[in-house]
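Residue numbers (this note's numbering), protein chains in the order written: chain A, 3 to 85; chain B, 31 to 144.
The structure appears right after this line, and notes come after that.
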């Protein structure tokens with residue numbers, strides 16, 4: 003019962019930050035929305051691993067954290083000084 | 031122990047929701063970045079440590095993921111704010127102070143790449 007509350011809150015957070023990524027005026031707004039979505043999704047993966055009792059989801063969350071970090075750094079470097 | 035973990039997960043998901051709401055509602059890139067980074071960092075940290083309390087065998091890897099998020103999320107936010115300032119994104123018109131305007135070459139790109 004209480005897990006419904008947790009997943010509802012996380013779904014609302016993902017919805018708002020994806021809405022900002024969809025309709026942000028500049029490129030930086032979209033990247034901020036995607037960055038927030040990445041961090042919320044890492045917590046969602048760990049929480050789904052606890053919900054389904056699968057230990058492998060924690061590995062997926064760790065790899066997704068590394069890839070999201072590298073992706074945001076690459077986009078920031080591209081916006082700052084080109085390819 | 032399980033009840034304590036669920037309380038931590040509740041605090042974390044509330045902060046994740048507030049972070050998403052701040053990203054959606056605030057008026058500026060920098061305000062959005064501040065709200066999004068701080069709220070989602072604390073929310074993800076608290077949620078993952080709470081999962082580690084609910085399943086005590088998972089505590090080590092949960093601490094690894096949480097410390098990784100705690101170290102890398104401010105770095106990516108700082109790089110993103112610096113890149114958006116240098117690529118010419120304006121501040122909100124009601125912003126009070128801009129310390130970077132006091133320097134000469136703050137918004138310039140490097141010379142050889144213009």
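We put the beta carbon where it would ideally sit given N, CA and C, even for glycine.
Counting Cβ pairs, one atom from each stretch, are 3 or more of them under 8 angstroms apart for the region 41–60 of chain B and the region 6–19 of chain A? Verdict: yes, contact present.
At a cut of 8 angstroms, does the region 3–16 of chain A reach the region 36–44 of chain B through at least three beta carbon pairs? Touching, yes, given that three or more Cβ pairs across the two stretches are closer than 8 angstroms.
Which value, in whole angstroms, describes the spacing of the CA atoms of residue 31 of chain A and residue 72 of chain B? Distance between the alpha carbons of residue 31 of chain A and residue 72 of chain B is about 21 angstroms.
Any idea if residue 6 of chain A is buried or exposed, counting beta-carbon neighbours within 10 angstroms, 16 or more meaning buried? Classification of residue 6 of chain A: exposed, given that the 10 Å Cβ count is below 16.
Rounded to the nearest angstrom, what separates residue 14 of chain A and residue 118 of chain B at their Cα positions? Rounded to whole angstroms, residue 14 of chain A to residue 118 of chain B spans 31 angstroms at the Cα level.
Start-to-end residues for the alpha helix (DSSP H) that takes in residue 131 of chain B: Neither: residue 131 of chain B is in no alpha helix (DSSP H) and is coded neither H nor E.
Candidates A/80, A/83, A/47, A/26: which alpha carbon is nearest residue 92 of chain B's? Closest by alpha carbon: A/47.
Please report the straight-line C-alpha distance between residue 76 of chain B and residue 33 of chain A, rounded to a whole angstrom. Whole-angstrom Cα-Cα distance: 24 angstroms.
Residue 41 of chain A and residue 70 of chain B: beta carbons closer than 7 angstroms? Yes; because the gap between Cβ atoms is below 7 angstroms, this pair is in contact.
From the beta carbon of residue 21 of chain A, is the nearest beta carbon of chain B less than 7 angstroms away? Yes - at least one Cβ of chain B is within 7 angstroms of the one on residue 21 of chain A.
What in chain B is Cβ-close to residue 81 of chain A, meaning under 9 angstroms? The CB of residue 81 of chain A comes closer than 9 angstroms to the CB of 110, 113, 114, 116, 117 in chain B, given here in chain order.
What is the DSSP secondary structure of residue 123 of chain B, reduced to helix, strand or coil? Coil at residue 123 of chain B, not helix or strand.
Short check: CB of residue 45 of chain A to CB of residue 113 of chain B, under 7 angstroms? For the pair residue 45 of chain A and residue 113 of chain B, the CB atoms are not nearer than the 7 angstroms cut-off.
Which residues in the same chain have their Cβ closer than 8 angstroms to the Cβ of residue 99 of chain B, if we skip the five residues on either side of it in sequence? Only 71, 74, 75, 78 meet the Cβ criterion.
Just to confirm, is the Cβ distance from residue 35 of chain B to residue 97 of chain B under 7 angstroms? The answer is no: Cβ separation not under 7 angstroms.
Our contact map puts residue 80 of chain B next to residue 39 of chain B with C-beta atoms below 8 angstroms; I'd like the distance itself, whole angstroms only. Yes, residue 80 of chain B and residue 39 of chain B are in contact; Cβ-Cβ is about 4 angstroms, under 8 angstroms.
Using alpha carbons as the reference points, say which of A/37, A/26, A/27 lies closest to residue 66 of chain A. Checking every option, the nearest Cα to that of residue 66 of chain A belongs to A/37.
Proximity to residue 116 of chain B [Cα-Cα], best of B/59, B/48, B/32: The candidate whose alpha carbon is nearest that of residue 116 of chain B is B/59.
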